[in-house]
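Asks: The following block contains the structure, expressed as structure tokens.
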Amino acid sequence: MTLILDPHNLRKLVSDYNRLADDADWNRFQMSLRSDVDPALLTEGQKQAVVFVTHIENHTPGYIKDYLSRFPVDGYREVRNAMHNRELFHFIVRWGVEEDRHAEALSLYQLSAGIAPDADILLRELIEECIKPFSIGFSEPVQVFTYTFLQEKATQLYYQYLARMVQEPVLKKLLQTLAKDESRHFVFFSRVLDAYLDTFGGKIIALIEEVALSYRMPLYNTLKDYRRRAIRMAREAPGYDRKTPVRILADHLEKAIPTHRDLEIPIRQAISRMLPDIFSGEETRKGEYGAL
Ligand SMILES: [Fe+2]
Ligand SMILES: [Fe+2]
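Be aware that the sequence shown starts at 1400, since it is given in the working numbering, and climbs by one per residue.
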């Protein structure tokens, strides 16, 4: 089973995204000028949080490669699939540009704030993680989109909560800017999920649930010392709960019920399995691997 949206419907979602994105550019090189940064205002924990999220963002080549390999334009007998993937490509490349800008902006901030001593040393540290293979790990497109829905919401919220605690004005502004981009990414994926519900109805509920039940942030299984670092970075963003994105996904499904009355029972059943799993069964592990 491979469930894809009609290219005509996907085009509207991608165009709406790019219409906003084309007006939302910002200059990574102007964002973190050394002369504007006051490193004395940063705590050690905040510096480590910046290092951690730089790794997450810097894996963009892996995320984009994964997407492009799942949605190639060539090699299809079914022209409809190629049309779908060509429309999606408009989104993938733009999204890739934005995530890559996040990675580079955070790297430039590390250099301006003296967190990293020099660009070559920083690149070597980043590349050690970047060369490890990455896969989102689900086969159905709607699952890939659900996973990214959760990831985008997780990063948006983390940046928002971290920004609240940061006194250093350049980092605060940078985090707020990143959060705005992540929010736009999240909206795109939430609209894609809505389109899947409209098109495929009950066929996709179990697929979405499967992603929610197994959700972890990218790199949790490859990044050096992930667990200790994740706990530490969670402390830097009080109020953030790594379970919130799944709760938001559950809310999103629940809000779809009035327009999908026939799906009320399967949606409520899926939510009941998603929420007890994250709110009770894992409570004892709370804080184990932190915010992301
Ligand atoms: Fe990002
Ligand atoms: Fe994003």
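Glycine included, C-beta positions come from ideal geometry on N, C-alpha and C.
#1: Taking 7 Å as the CB-CB cut-off, is W1494 touching chain D?
#2: To the nearest angstrom, how far is the alpha carbon of E1608 from that of A1439?
#3: Would you say E1539 and L1648 are within 7 Å of each other, going by their C-beta atoms?
#4: Using a Cβ-Cβ cut-off of 7 Å (strictly less than) and excluding sequence neighbours within five positions of T1547, which residues of its own chain qualify?
#5: Ligand 2 and E1581: does the residue's C-beta get closer than 6 Å to at least one heavy atom of that ligand?
#6: How would you label F1470, buried or exposed, when you count the other beta carbons within 10 angstroms and need 16 or more for buried?
#7: Taking the continuous alpha helix (DSSP H) assigned at H1483, which residues delimit it?
#8: Roughly how many angstroms lie between the CA atoms of R1410 and A1481, to the nearest whole one?
#9: Return the chain-ordered ranges of every beta strand (DSSP E) run that is complete within the region 1639 to 1680 and spans a minimum of 3 residues.
#10: Could you check whether the Cβ of H1501 sits closer than 6 Å to any heavy atom belonging to ligand 1?
#11: Only counting the same chain, and skipping five residues up and downstream in sequence, which positions put a Cβ closer than 7 Å to that of Y1416?
#12: So what does DSSP say about Q1542, is it helix, strand or coil?
#13: With 16 other CB atoms within 10 Å as the buried threshold, where does K1446 fall?
Replies: So, to answer that:
#1: The displayed structure is made up of one protein chain only, and chain D is not part of it.
#2: Residue 1608 sits at position 209 when you count from the first residue of the sequence shown. Residue 1439 sits at position 40 when you count from the first residue of the sequence shown. When rounded, the distance between both Cα atoms is 45 Å.
#3: Here the question's residue 1539 lines up with position 140 in the sequence shown. Here the question's residue 1648 lines up with position 249 in the sequence shown. No, Cβ-Cβ distance for E1539 and L1648 is not below 7 Å.
#4: If you number the sequence shown from 1, residue 1547 lands on position 148. Cβ neighbours of T1547 beyond the five flanking positions: F1588.
#5: In the sequence shown, counting from the first residue as 1, residue 1581 sits at position 182. Yes; taking the cut-off as 6 Å, the Cβ of E1581 has a heavy atom of ligand 2 nearer than that.
#6: Position 71 of the sequence shown, counted from the start, is the residue given in the question as residue 1470. By the 10 Å Cβ count, F1470 comes out buried.
#7: As a position in the sequence shown, residue 1483 is number 84, starting the count at 1. Run containing H1483: 1478 to 1511, per the alpha helix (DSSP H) assignment.
#8: One-based indexing of the sequence shown puts residue 1410 at position 11. One-based indexing of the sequence shown puts residue 1481 at position 82. Answer to the nearest angstrom: the Cα atoms are 13 Å apart.
#9: none
#10: Stepping through the sequence shown from its first residue, residue 1501 is reached at position 102. Yes, ligand 1 has a heavy atom inside 6 Å of this Cβ.
#11: Here residue 1416 refers to the residue found at position 17 when the sequence shown is read from its first residue. F1490, F1587.
#12: By 1-based counting over the sequence shown, the position of residue 1542 is 143. The answer is helix: DSSP assigns Q1542 an H, G or I state.
#13: Position 47 of the sequence shown, counted from the start, is the residue given in the question as residue 1446. With 16 or more other Cβ atoms within 10 Å, it is buried.
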